[in-house]
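Asks: Number 129 in this note's numbering belongs to position 129 of the sequence shown; there are no gaps in the numbering. Got a structure here, written out as structure tokens. Questions coming.
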Amino acid sequence: MGVPTVVSIDPLEASIPAVETLAIDGGVPVRTAGWPTYDRGDVFISGADEQAGIDAIRRRLYFRYDHRPFGETEAGRFEAALCAYFGTKHALGCTSGTTAITLALLGLGLPPGSKVLCPAFTFAATPSAIRLAGHEPVLVECDADLNLDIADLAGKLTEDIGAVVVVHMRGFASDVDAVRALTDPRGIPVVEDAVPALGARLRGRLLGTLGAAGAFSTQSDKSINTGEGGFLITDAAALFARATVHCGAYEGRMDRHFDTPDAPPGHVSDLDYPIFGWRLDEIRAALATSMLTRLDERVARHQRNHAVVAAGLAGESRIAVRKPVAPGALLGESLMFRVLDPGPAAGARFARALCAEGVSARNIGDPVDHNVRAFWNWRFCFPDPAAAKRALPRSARFLEQAVDIPLSANLTHADCADVVRAVRKVIAGLPR
Ligand SMILES: Cc1ncc(COP(=O)(O)O)c(C=O)c1O
Numbered sequence: 001m002g003v004p005t006v007v008s009i010d011p012l013e014a015s016i017p018a019v020e021t022l023a024i025d026g027g028v029p030v031r032t033a034g035w036p037t038y039d040r041g042d043v044f045i046s047g048a049d050e051q052a053g054i055d056a057i058r059r060r061l062y063f064r065y066d067h068r069p070f071g072e073t074e075a076g077r078f079e080a081a082l083c084a085y086f087g088t089k090h091a092l093g094c095t096s097g098t099t100a101i102t103l104a105l106l107g108l109g110l111p112p113g114s115k116v117l118c119p120a121f122t123f124a125a126t127p128s129a130i131r132l133a134g135h136e137p138v139l140v141e142c143d144a145d146l147n148l149d150i151a152d153l154a155g156k157l158t159e160d161i162g163a164v165v166v167v168h169m170r171g172f173a174s175d176v177d178a179v180r181a182l183t184d185p186r187g188i189p190v191v192e193d194a195v196p197a198l199g200a201r202l203r204g205r206l207l208g209t210l211g212a213a214g215a216f217s218t219q220s221d222k223s224i225n226t227g228e229g230g231f232l233i234t235d236a237a238a239l240f241a242r243a244t245v246h247c248g249a250y251e252g253r254m255d256r257h258f259d260t261p262d263a264p265p266g267h268v269s270d271l272d273y274p275i276f277g278w279r280l281d282e283i284r285a286a287l288a289t290s291m292l293t294r295l296d297e298r299v300a301r302h303q304r305n306h307a308v309v310a311a312g313l314a315g316e317s318r319i320a321v322r323k324p325v326a327p328g329a330l331l332g333e334s335l336m337f338r339v340l341d342p343g344p345a346a347g348a349r350f351a352r353a354l355c356a357e358g359v360s361a362r363n364i365g366d367p368v369d370h371n372v373r374a375f376w377n378w379r380f381c382f383p384d385p386a387a388a389k390r391a392l393p394r395s396a397r398f399l400e401q402a403v404d405i406p407l408s409a410n411l412t413h414a415d416c417a418d419v420v421r422a423v424r425k426v427i428a429g430l431p432r
């Protein structure tokens, strides 16, 4: 299956009459076919992927640490394929993106209760993983493009910060180069929560390879879909050894993750750390290895869809389409923009109007439909949402304005034209 070339949207294709009643107000919707999303079964899975899963089931060996040589297990093969794909020394499969981030942080061996910086715009799993690793999340503001605000980060890099978790949120690369220019001189490690950006790059380098460790998910919504699952990649042997033990490689199993010339660091013993049982199983590993072979094709499709839709909306002055920190530094599985209309809950009204037009959309800061990506909704961090918003006023404002549209890898050119048409139609229906 090849990737169709980029065809920009013909202005007529996405044109709308000057005044058209919005579907939310009783007008005719732009589309009536369901919007393609993974949870409705619209997934990027091939016959070869299915066969790989079936073969693993038929083999009847579901535990990764059985009698077979490490390289003959599905999990061992997946980890070797990850090292080849990313060019890293080590990879470890685990149960989820959340456990991958937690394992990366545990691998750093920070003192318990360390402060760990992360962006205000992220999924609740990021601060959850920081907590799970025994540390305290401290949030950094996002900028007008919903990317990490580097100036705010600089102000928050105090003596007591143990690590920074950057997040490539909704597929947009965080500027890890700018972050490391600040953290490296202070010796502060950077972990990448690259969960939403598997296969995307920053200035030519794969996300996840730019810090001490990169954490990924293979949950159904991600670029590799095994239902649930995750992995981490790193070049740091001691971090990797500790993460492997925490993940559940007990009684000498940690040693199997190291080639003979590349022995595990002597000071890391599998008796020293709690074992959490976050091991990857053989069936999911088999599916993931198969899907990894088509990852680049999937990424190219996402990027094409995003480029087509973003170009179609480039001239719109009443929304600000989210821009990457460098050319091409995004996965493209989500179109995000801020609604610049000053009215109350303008972002929420815009998203609802889009849904009525037949295009899935959510407002991150929706006051009614509480989104888990809005930091003030994390009651485990912020018992008082209003105080949380006051502490991070710019992020709160930008997220209240932000609309998010999922762009499946399977979108057709007509689907992309529908997004452009629906967004333009809703803009035209905004009060002047
Ligand atoms: C930024 C981010 N981090 C972590 C996660 C958690 O991944 P998982 O659901 O595999 O634990 C997600 C899930 O979507 C995410 O978007």
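Note that CB positions come from ideal geometry on N, CA and C, so glycine has one too. Being a predicted model, the structure only gives us computed values, none of them experimental.
Isoleucine 161 bridges to which residues according to DSSP?
Replies: By 1-based counting over the sequence shown, the position of residue 161 is 161. DSSP lists Lys115 as partners of isoleucine 161.
Asks: Under the DSSP definition of a beta bridge, which residues are partnered with threonine 234?
Replies: Counted from its first residue, the sequence shown places residue 234 at position 234. Answer by DSSP bridge pairing, in chain order: His90, Ala213.
Asks: By the three-class DSSP mapping on this structure, what secondary structure does cysteine 247 have?
Replies: What you label residue 247 is simply residue 247 of the sequence shown in a count that begins at 1. Of the three classes helix, strand and coil, the one that applies to cysteine 247 here is helix, per DSSP.
Asks: Based on Cα-Cα distance, which residue from Gly76, Arg338, Cys381, Leu330 lies nearest to aspartate 175?
Replies: Within the sequence shown, residue 175 is the residue found at index 175, counting from 1. Of the listed residues, the one whose Cα sits closest to aspartate 175 is Leu330.
Asks: Answer yes or no: do tryptophan 278 and threonine 99 have a C-beta to C-beta separation smaller than 7 Å?
Replies: Here residue 278 refers to the residue found at position 278 when the sequence shown is read from its first residue. Here residue 99 refers to the residue found at position 99 when the sequence shown is read from its first residue. In this structure, threonine 99 lies closer than 7 Å to tryptophan 278 by Cβ.
Asks: Work out the CA separation of valine 190 and leucine 153 for me, nearest whole Å.
Replies: On the sequence shown, position 153 is the one that residue 153 refers to. On the sequence shown, position 190 is the one that residue 190 refers to. The alpha-carbon atoms of leucine 153 and valine 190 are separated by roughly 12 Å.
Asks: Using beta-carbon positions only, say whether glycine 97 and glycine 312 come within less than 7 Å of one another.
Replies: Along the sequence shown, read from residue 1 onward, the residue named residue 97 stands at position 97. Along the sequence shown, read from residue 1 onward, the residue named residue 312 stands at position 312. Not closer than 7 Å, so no.
Asks: Can you list, in chain order, the residues of its chain with a C-beta nearer than 6 Å to that of aspartate 255? Leave out the 5 residues immediately preceding and following it.
Replies: Here residue 255 refers to the residue found at position 255 when the sequence shown is read from its first residue. Pro264.
Asks: Residue range of the beta strand (DSSP E) that proline 457 falls in?
Replies: Nothing about residue 457 can be reported from this structure: the residues present for the chain run from 1 to 432 only.
Asks: Compare the C-beta of alanine 33 against all C-beta atoms of chain D and say whether one is closer than 7 Å.
Replies: Judged by its chain identifiers, the structure shown contains no chain D, having just a single protein chain.
Asks: Identify which residue in Met169, Gly187, Pro383, Val309 has its Cα closest to the Cα of glycine 208.
Replies: Walking along the sequence shown from the start, residue 208 turns up at place 208. With distances taken between Cα atoms, glycine 208 lies closest to Met169.
Asks: According to DSSP, what are the bridge partners of alanine 173?
Replies: Residue numbering aside, residue 173 sits at position 173 when the sequence shown is read from its first letter. DSSP output for alanine 173 lists no bridge partner at all.
Asks: Just to check, is the beta-carbon of alanine 125 closer than 6 Å to a non-hydrogen atom of ligand 1?
Replies: Position 125 of the sequence shown holds residue 125. Yes, the Cβ of alanine 125 comes within 6 Å of a heavy atom of ligand 1.
Asks: Looking at ligand 1, does it come within less than 6 Å of glycine 97, judged from the CB to the closest heavy atom?
Replies: The residue labelled residue 97 in the question sits at position 97 within the sequence shown. Checking the Cβ of glycine 97 against ligand 1 gives yes.
Asks: By the three-class DSSP mapping on this structure, what secondary structure does phenylalanine 337 have?
Replies: Within the sequence shown, the letter at position 337 stands for residue 337. If DSSP states are grouped into helix, strand and coil, phenylalanine 337 belongs with the strands.
Asks: Can you give the Cα-Cα distance for proline 69 and glycine 252, rounded to whole angstroms?
Replies: On the sequence shown, position 69 is the one that residue 69 refers to. On the sequence shown, position 252 is the one that residue 252 refers to. The alpha-carbon atoms of proline 69 and glycine 252 are separated by roughly 14 Å.
Asks: Tell me the rounded alpha-carbon separation between asparagine 371 and threonine 260.
Replies: Position 371 of the sequence shown, counting from 1, holds the residue named residue 371. Position 260 of the sequence shown, counting from 1, holds the residue named residue 260. Cα to Cα, asparagine 371 sits roughly 48 Å from threonine 260.
Asks: Are methionine 418 and arginine 31 closer than 7 Å when you measure CB to CB?
Replies: In the sequence shown, the residue the question calls residue 418 occupies position 418. In the sequence shown, the residue the question calls residue 31 occupies position 31. One detail in the question is off: residue 418 reads as aspartate in this sequence, not methionine. Yes, the Cβ-Cβ distance between aspartate 418 and arginine 31 is below 7 Å.
Asks: Between which residues of its own chain and arginine 294 is the CB-CB distance below 7 Å, once the five residues before and five after are set aside?
Replies: Locating residue 294 in the sequence shown gives position 294, where the first residue counts as 1. Hits under 7 Å: Ser46.
Asks: What residue does the alpha helix (DSSP H) around aspartate 418 start on, and which one ends it?
Replies: In the sequence shown, residue 418 corresponds to position 418, counting from 1. Note, aspartate 418: alpha helix (DSSP H), 413-428.
Asks: If you draw a straight line from the C-alpha of alanine 414 to the C-alpha of arginine 352, how long is it?
Replies: If you number the sequence shown from 1, residue 414 lands on position 414. If you number the sequence shown from 1, residue 352 lands on position 352. Looking at the two C-alpha atoms, the distance is approximately 21 Å.
Asks: If you draw a straight line from the C-alpha of arginine 433 to the C-alpha of leucine 22, how long is it?
Replies: Outside the shown range of the chain (1 to 432) lies residue 433, about which nothing can therefore be said.
Asks: Can you name, in chain order, every residue of its own chain whose Cβ lies under 8 Å from the Cβ of tyrosine 273, other than the five neighbours on each side?
Replies: For the purposes of this step, residue 273 is taken as residue 273 along the sequence shown, with counting starting at 1. Closer than 8 Å at Cβ, skipping near neighbours: Leu106, Arg242, Val245, His246.
Asks: For a test of your reading of the model: does the CB of serine 334 fall under 6 Å from any non-hydrogen atom of ligand 1? Yes or no.
Replies: Here residue 334 refers to the residue found at position 334 of the sequence shown. Because no heavy atom of ligand 1 lies under 6 Å away, the Cβ of serine 334 does not count as near it: no.
Asks: To which residues does DSSP link isoleucine 319 through a beta bridge?
Replies: Counted from its first residue, the sequence shown places residue 319 at position 319. Per DSSP, Val339.
Asks: Would valine 299 and alanine 173 qualify as a contact pair, given that the criterion is a beta-carbon distance under 7 Å?
Replies: Here residue 299 corresponds to residue number 299 of the sequence shown, with the count starting at 1. Here residue 173 corresponds to residue number 173 of the sequence shown, with the count starting at 1. No, Cβ-Cβ distance for valine 299 and alanine 173 is not below 7 Å.
Asks: With a cut-off of 8 Å on the beta carbons, I'd call histidine 135 and valine 166 a contact; round off their distance for me.
Replies: Working through the sequence shown from its first residue, we reach residue 135 at position 135. Working through the sequence shown from its first residue, we reach residue 166 at position 166. Actually they do not touch by this definition, with Cβ atoms about 15 Å apart.
Asks: How big is the Cα-Cα spacing for glutamate 357 and glycine 171?
Replies: For the purposes of this step, residue 357 is taken as residue 357 along the sequence shown, with counting starting at 1. For the purposes of this step, residue 171 is taken as residue 171 along the sequence shown, with counting starting at 1. Straight-line Cα distance between these residues: approximately 25 Å.
Asks: Does the contact criterion of 3 or more C-beta pairs under 8 Å hold for the region 113-129 versus the region 75-93?
Replies: No contact exists between the region 113-129 and the region 75-93.
Asks: So, at 7 Å on beta carbons, what are the nonlocal neighbours of alanine 75 in its own chain, with the 5 sequence-adjacent residues on each side left out?
Replies: Counting from one through the sequence shown, the residue named residue 75 turns up at place 75. For alanine 75, where only same-chain residues beyond five positions count, the Cβ hits under 7 Å are Arg64, Gly93, Leu280, Glu282, Ala285.
Asks: Would serine 317 and proline 406 be called neighbours here (beta carbons separated by less than 7 Å)?
Replies: Residue 317 sits at position 317 when you count from the first residue of the sequence shown. Residue 406 sits at position 406 when you count from the first residue of the sequence shown. No.
Asks: Who are the Cβ neighbours of alanine 387 in its own chain at under 6 Å, not counting the five residues just before and after it?
Replies: Counting from one through the sequence shown, the residue named residue 387 turns up at place 387. Contacts found: none.
Asks: Please state the DSSP three-state secondary structure of methionine 1.
Replies: Walking along the sequence shown from the start, residue 1 turns up at place 1. Low per-residue confidence applies at methionine 1: pLDDT is 44, beneath 50, and the placement is therefore not dependable enough to give any value.
Asks: Return yes when at least one heavy atom of ligand 1 lies under 6 Å from the C-beta of valine 167, else no.
Replies: Counting from one through the sequence shown, the residue named residue 167 turns up at place 167. Yes; taking the cut-off as 6 Å, the Cβ of valine 167 has a heavy atom of ligand 1 nearer than that.
Asks: Consult DSSP for cysteine 142 and reduce its assignment to one of helix, strand or coil.
Replies: Start at 1 with the first residue of the sequence shown, and residue 142 comes out as number 142. Strand at cysteine 142.
Asks: Any idea what DSSP makes of arginine 481, helix, strand or coil?
Replies: The structure shown has nothing for residue 481, since the chain only spans 1 to 432.
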